[in-house]
Amino acid sequence: LTGKGFTEKELDQKVRELYAVSGHSDVSFPPITAYGKSGADPHHATDSTLGKRGDSVVLDIGGIRNNYCSDMTRTVFLGEVSEKARKVYEIVREAQQRGIDAARPGARMCDVDNACRSYITEKGYGEFFTHRTGHSIGIEDHETGDVSSVNQSIIQPGQVFSIEPGIYLQEEGIGVRIEDLVLITEDGCEVLNHYPKDLIVVPMDSDSIEK
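Under my numbering, think of the first position of the sequence shown as 17, with each following residue one higher.
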């Protein structure tokens, strides 16, 4: 992302290369690498767009290792971040944490969805959270059992699923999603992803990273 920068397709290839050299047999799914307005489309198809200063960058990535799939999404910003984008980022981060806190045996999948969705709605962005909160994962990257408002299935120890709320402001070119996988334990959950979720501004030219 630094220096000359990468197009979305070039960044996609870098992601694939990193998974290959780190012992993964393949990616879990085609990576989503999306700049600016493209990141405000939660299922954007990677193209040749080059990121520009102030863009959000949504990276939805995963690899296959020992026959099991991983999945993670992080959003960073190029060069600078607007106050609006910073606010949206912090809302999504808090919403995701509320979903993680709700993920425990005996709760329902819809309870986890509601924990995320109700907070985003309370902050005035409910209509811009346009997808389910998560999905089960294992041998396949999307397995039966989604984290949605209509799934009243009771959560059981041993389940693994994603928690990935997002806010997508198409007109303003702001897209933010944060995703982790959780493993349900006997008394709560364990977050399986360990990459930081502090807001990061990726340097362009001689800039330095801000957090």
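The C-beta atom is built at its ideal place from N, Cα and C for all residues, glycine as well.
Bear in mind that the values here come from a model prediction, so they are computed numbers and not experimental data.
Less than 6 Å between C-beta atoms, sequence neighbours within five positions excluded: which residues of the same chain meet that for L215? Around L215: Y105.
Helix, strand or coil for D76? Go by DSSP, reduced to three states. Three-state result, D76: strand.
Would E24 be called buried (16 or more neighbouring beta carbons within 10 Å of its own) or exposed? That one is buried.
Please say whether I171 and R133 have beta carbons closer to each other than 8 Å? Contact flag unset, no.
Return the residue from the list I116, E202 and T62 that minimises the CA-CA distance to E180. Of I116, E202 and T62, the smallest CA-CA separation from E180 is found for I116.
Segments assigned alpha helix (DSSP H), at least 4 residues, entirely inside the region 106-145: Fully enclosed alpha helix (DSSP H) runs of 4 or longer: 125-138.
Considering only the alpha carbon of each residue, which of P46, F145 and Y184 lies closest to S165? Nearest option by C-alpha distance: F145.
In the DSSP assignment, the alpha helix (DSSP H) including Y184 goes from what residue to what residue? Y184 -> not in any alpha helix (DSSP H); beta strand (DSSP E) instead, spanning G182 to L185.
Give me whichever residues DSSP pairs with A50 in a beta bridge. Answer is V74.
Ends of the alpha helix (DSSP H) at E156? Run containing E156: none; DSSP gives neither H nor E here.
Are the beta-carbon atoms of Y135 and R114 separated by less than 8 Å? Contact: yes.
Between H158 and H151, what straight-line distance do the alpha-carbon atoms span, to the nearest angstrom? Looking at the two C-alpha atoms, the distance is approximately 6 Å.
Where does Y51 land, buried or exposed, given buried means 16+ other C-beta within 10 angstroms? Buried: at least 16 other Cβ atoms inside 10 Å.
Do the region 69-84 and the region 26-41 touch if we need at least three Cβ pairs shorter than 8 Å? Output reads yes: the region 26-41 touches the region 69-84.
One question on the structure: do I194 and K213 come within less than 8 Å of each other, judged by their Cβ atoms? In contact: I194 and K213 (Cβ atoms closer than 8 Å).
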